[in-house]
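First to last, the protein sequences are chains A and B.
UniProt numbering numbers the first residue of the first sequence as 1 and each following residue consecutively.
UniProt numbering numbers the first residue of the second sequence as 1 and each following residue consecutively.
Note that CB positions come from ideal geometry on N, CA and C, so glycine has one too.
Treat the numbers as computed from the prediction; the structure is a model and nothing was measured.
Inspection log for the structure reproduced underneath, given as structure tokens.
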Amino acid sequence: MSGSNTAGMVDSPRTAVSNPPVQPVAAHFGEADLCRRSATRDLPAPQRQLTPVAKLIDVSKCIGCKACQSACIEWNDTHPEMEHNVGQYTNPHDLTAEMYTLMRFTEWVNPETDNLEWLIRKDGCMHCDDPGCLKACPAPGAIVQYTNGIVDFIHENCIGCGYCIKGCPFNIPRISRADHRAYKCTLCSDRVAVGQGPACAKSCPTQAIVFGTKEDMKRHAAERVADLKSRGFANAGLYDPAGVGGTHVMYVLHHNDRPGIYADLPENPRISPLVQTWKGMTKYVGLAAMGLMAVGSVIHGVFAKPNRVSEEEERHAEDLVEGRPVPPPPPGQP
Amino acid sequence: MSDQVEEIQPGDSIVPGKPVTVNRYGPLARLNHWVTATSLILLALSGLALFWPGLFFLTNLFGGGQNTRAFHPWIGVLLFVSFFVFFFQLWRANLPAKVDIVWLSRIRDFLAGHEDRLPELGKYNAGQKFIFWAMTGLILVLIATGIVIWDQYFGGYFSIPLRRVAVLAHSVAAVLIICVFILHVYAAIWTRGTLRAMTRGSVTGGWAWRHHRKWLRQLAGRPGTQRPGPAE
């Protein structure tokens, strides 16, 4: 699946389907391609624009086999804890620092048809165009965004504060109890950099997960949506939420009018106004307030007369202690 | 609000001589104060490092970002405990009194150095009481919100929306407490002769006469000014 080359953008080989070349391939993007870097103000502007990429997850084609989960574990060499069967297919129970993607199973009765629909959504980082995790992150360079849209955690810079968890509108990042660093899906940035699609897409037996340029993925999604509509899913659509600037992981949903039925996929995700206030106004007003207090104190200290005790007052105190007459309290003094 | 505020606290006593000195804080109270002060400064430095990217370099003082993240909440616990040990020694003398309203309404006279035009005061003036209660309130907000965002131990106990409220409230309260802290330090410097109350534990008689005359009169009026027993 080779993408169309938009004018002025640097294209790169990418695929989730074909097998990789056997000879070594140099990474085709890196630190020079960052468009955002957490807690960094003077990030040099990238000299080129990579073609935006996207992963498209068509929930209508998913058979719930969890090959994507296995591939993710294998590629990222994580070791999710062995858990207990609690009577549902979702396993492990949640995303963890060792499980970057999770098939969430929902049994939903369609009120219009009274049919039981088994909804399976592959949960994981959405790679927002406006990433809340990156906005919240206090550690320089712990969260980065490449011009192709991939949002990545750079673990050696992570301090484990959990601010990304508060910033994320999708509840994705998890802090490892072992090394106190945040983990999530990387969109297999290391694979994409050498022309490979993400491991989950590679492993998907029905190609419910596909990977390519965002434009191609939207085109492919449009075909899928048209197909679903022709099959009676009138509200089928593409989930590419505008509230976070669009995402680089998108869903084709057969019920795009109510994303919430897919294991609480947010209807209109956006960075919480609380996080915006915390990282915006509070920072500027707060620093100004503290600065004014400090500068005001120094100015007052330099120019105002100090509040000094006089000799006379020391004498009054001595007189008081020695029992000699001193000025009485003012009348009406409580 | 009443006039039943305790003006004298255990350990306050006059030491006659030339000049007269007045014991204001005992050694344990001072230790308590400085543990609280040191923790507050360390908390401000480590907190600001995570609040403002331009100050992230301050994490180096604590051995890097990971250590800063790990130490900050524990220092917060130390501050909380230390402050509240201190709190229970001071709160009675910091209850608001009617005279505080008069003092506040004529704060211009105080700032202009005309304390003789103001009513005589007990151990604390309204400004000091404001610092005391502001610190109390803000520390309560900070410890409560701090626990909610203490991801390492409490990450699983609070919902993410609640954690967002907490992190915002924590940063606002932190900004306010730093402002109160600056006010507190500057007031102690501007009012000459105050710092020794927290270093040597005593102030001069003249200082007490000028700023807390009611306190001094009550101390002087007591029999045996040298060493009052705790039973008094």
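Exposure label - Q47 of chain A; buried when at least 16 CB within 10 Å: Taking the first sequence and counting its residues from 1, the one referred to as residue 47 of chain A is at position 47. When all chains shown are included, Q47 of chain A counts as exposed.
Any beta strand (DSSP E) of 3 or more consecutive residues that is wholly inside the stretch 240 to 306 of chain A: Fully enclosed beta strand (DSSP E) runs of 3 or longer: 249 to 253.
C-alpha distance - V165 of chain B paired with G155 of chain B, whole-angstrom precision: Stepping through the second sequence from its first residue, residue 165 of chain B is reached at position 165. Stepping through the second sequence from its first residue, residue 155 of chain B is reached at position 155. The C-alpha of V165 of chain B lies about 14 Å from the C-alpha of G155 of chain B.
Closest Cα partner of W215 of chain B within the set B:Y124, B:S159, B:A144, B:G137: The residue you call residue 215 of chain B lines up with position 215 of the second sequence. Looking at the Cα atoms, B:Y124 is the closest of the given residues.
For M99 of chain A, three-class secondary structure by DSSP: Taking the first residue of the first sequence as position 1, residue 99 of chain A is located at position 99. Correct three-state label for M99 of chain A: strand.
Assigned exposure category for I178 of chain B - 16 Cβ within 10 Å defines buried: On the second sequence, residue 178 of chain B is found 178 positions in, with the first residue counted as 1. That one is buried.
Neighbour-count burial assignment, A231 of chain B, 16 or more Cβ in a 10 Å radius: Against the second sequence, residue 231 of chain B aligns to sequence position 231. In this predicted model, A231 of chain B has a pLDDT of only 44, less than 50, meaning its place in the structure is not dependable enough to derive any value.
Three-state secondary structure (DSSP) of E232 of chain B: Position 232 of the second sequence, counted from the start, is the residue given in the question as residue 232 of chain B. Since pLDDT at E232 of chain B reaches only 40, below the 50 mark, its modelled position is unreliable, and the value read off the structure follows with that caveat. DSSP places E232 of chain B in coil when its eight states are reduced to three.
Interface residues of the stretch 156 to 167 of chain A facing chain B [CB-CB below 9 Å]: So the list reads N157, C158, I159, G160, C161, G162, Y163, I165, K166, G167, given in the order they occur along the chain.
Classification of A49 of chain B by the beta-carbon crowding that lies within 10 angstroms, buried from 16 upward: The count along the second sequence starts at 1 and reaches residue 49 of chain B at position 49. Counting of Cβ neighbours within 10 angstroms places A49 of chain B among the buried residues, the total reaching 16 or more.
Terminal residues of the beta strand (DSSP E) in which G11 of chain B lies: Along the second sequence, one-based indexing puts residue 11 of chain B at 11. Note, G11 of chain B: premise wrong, no beta strand (DSSP E); not H, not E.
Close-in-space but distant-in-sequence residues of the same chain around L134 of chain A (CB under 7 Å, 5 per side omitted): Within the first sequence, the letter at position 134 stands for residue 134 of chain A. Spatial neighbours of L134 of chain A in its own chain (CB-CB distance under 7 Å, excluding positions within 5 residues in sequence) are listed in chain order as R36, S38, I143, Q145, V151.
A304 of chain A versus S297 of chain A - alpha carbon distance: Here the question's residue 304 of chain A lines up with position 304 in the first sequence. Here the question's residue 297 of chain A lines up with position 297 in the first sequence. Looking at the two C-alpha atoms, the distance is approximately 10 Å.
Listed by chain order, chain B residues near M290 of chain A by CB distance under 8 Å: Taking the first residue of the first sequence as position 1, residue 290 of chain A is located at position 290. Listed along the chain, the chain B residues whose CB falls inside 8 Å of the CB of M290 of chain A are V175, I178, C179, I182.
Limits of the unbroken alpha helix (DSSP H) element including A178 of chain A: As a first step, residue 178 of chain A must be located in the first sequence, where it is residue number 178. Segment: none, A178 of chain A is in no alpha helix (DSSP H) and carries neither H nor E.
Contact set between E267 of chain A and chain B, taken where Cβ atoms lie within less than 8 Å: Residue numbering aside, residue 267 of chain A sits at position 267 when the first sequence is read from its first letter. Chain B residues near E267 of chain A: none, gap ~15 Å exceeds 8 Å.
For C164 of chain A, the nearest candidate out of A:G286, A:V194, A:G132 (CA to CA): To locate residue 164 of chain A, count along the first sequence from 1; it is residue 164. Of the candidates A:G286, A:V194, A:G132, the one whose C-alpha sits nearest the C-alpha of C164 of chain A is A:G132.
Beta-carbon proximity of V180 of chain B to I131 of chain B, cut-off 9 Å: On the second sequence, residue 180 of chain B is found 180 positions in, with the first residue counted as 1. On the second sequence, residue 131 of chain B is found 131 positions in, with the first residue counted as 1. Closer than 9 Å, so yes.
Inter-stretch contact (C-beta, 8 Å, three-pair minimum) for the stretch 201 to 214 of chain A and the stretch 61 to 80 of chain A: The stretch 201 to 214 of chain A, when compared against the stretch 61 to 80 of chain A, does touch it at the 8 Å Cβ threshold.
Local conformation of Q218 of chain B per DSSP, three classes: Residue mapping note: residue 218 of chain B aligns to position 218 of the second sequence, counting from 1. Helix.
Reduced DSSP secondary structure (H/G/I, E/B, other) of S4 of chain A: Position 4 of the first sequence, counted from the start, is the residue given in the question as residue 4 of chain A. Its pLDDT being 44, under 50, S4 of chain A is placed unreliably by the model, and the measurement read from it follows with that caveat. The DSSP-derived three-state label of S4 of chain A is coil.
9 Å Cβ cutoff, P205 of chain A in contact with chain B: Within the first sequence, numbered from 1, the residue matching residue 205 of chain A stands at position 205. By the rule that beta-carbons nearer than 9 Å mark a contact, P205 of chain A does not touch chain B.
Test item: CB-CB of K66 of chain A and V210 of chain A under 9 Å: As a working note, residue 66 of chain A is residue 66 in the first sequence. As a working note, residue 210 of chain A is residue 210 in the first sequence. Cβ distance not < 9 Å, so K66 of chain A and V210 of chain A don't count as in contact.
Integer-rounded CB distance, given that P53 of chain B should sit under 8 Å from R181 of chain A: Counting from one through the first sequence, the residue named residue 181 of chain A turns up at place 181. Counting from one through the second sequence, the residue named residue 53 of chain B turns up at place 53. Contact doesn't hold; Cβ gap of about 19 Å is too wide.
Beta-carbon separation (whole angstroms), M126 of chain A vs F170 of chain A, contact threshold 8 Å: As a first step, residue 126 of chain A must be located in the first sequence, where it is residue number 126. As a first step, residue 170 of chain A must be located in the first sequence, where it is residue number 170. Taking a contact as a CB-CB distance under 8 Å, the pair M126 of chain A and F170 of chain A counts as one, their CB atoms being some 5 Å apart.
Distance between beta carbons of T204 of chain B and G221 of chain B, contact taken as under 8 Å: For the purposes of this step, residue 221 of chain B is taken as the residue at position 221 of the second sequence. For the purposes of this step, residue 204 of chain B is taken as the residue at position 204 of the second sequence. By a beta-carbon distance limit of 8 Å, G221 of chain B does not contact T204 of chain B. Their separation comes to about 19 Å.
Which residues DSSP lists as bridging E107 of chain A, in chain order: Taking the first sequence and counting its residues from 1, one reaches residue 107 of chain A at position 107. E107 of chain A is bridged to A:W118.
Stretch pair the stretch 70 to 87 of chain B + the stretch 134 to 147 of chain B: three plus CB contacts closer than 8 Å: Contact holds: three or more Cβ-Cβ distances are below 8 Å.
Rounded distance between the beta-carbons of G47 of chain B and I143 of chain B, thought under 8 Å: Your numbering for residue 143 of chain B matches position 143 in the second sequence. Your numbering for residue 47 of chain B matches position 47 in the second sequence. About 13 Å separates the two Cβ atoms, so there is no contact after all.
Stretch-stretch touch, CB-based, cutoff 8 Å, three pairs: the stretch 262 to 274 of chain A with the stretch 239 to 251 of chain A: In short, these stretches touch, since the Cβ pair count reaches three.
Chain-ordered chain B contacts of G301 of chain A [CB-CB under 9 Å]: Working through the first sequence from its first residue, we reach residue 301 of chain A at position 301. Neighbours of G301 of chain A on chain B, chain order: Y186, I189, W190.
Touch test, the stretch 254 to 262 of chain A against the stretch 146 to 153 of chain B, Cβ-Cβ under 8 Å, three pairs minimum: They do not touch, by the three-pair rule.
Coarse secondary structure for T225 of chain B, derived from DSSP in three states: Looking up residue 225 of chain B in the second sequence gives position 225. Low local confidence applies: a pLDDT of 44 at T225 of chain B is under 50, so the model's placement there is unreliable, with the coordinate-based value given in what follows. The three-state reading of DSSP puts T225 of chain B in coil, since its state is none of H, G, I, E or B.
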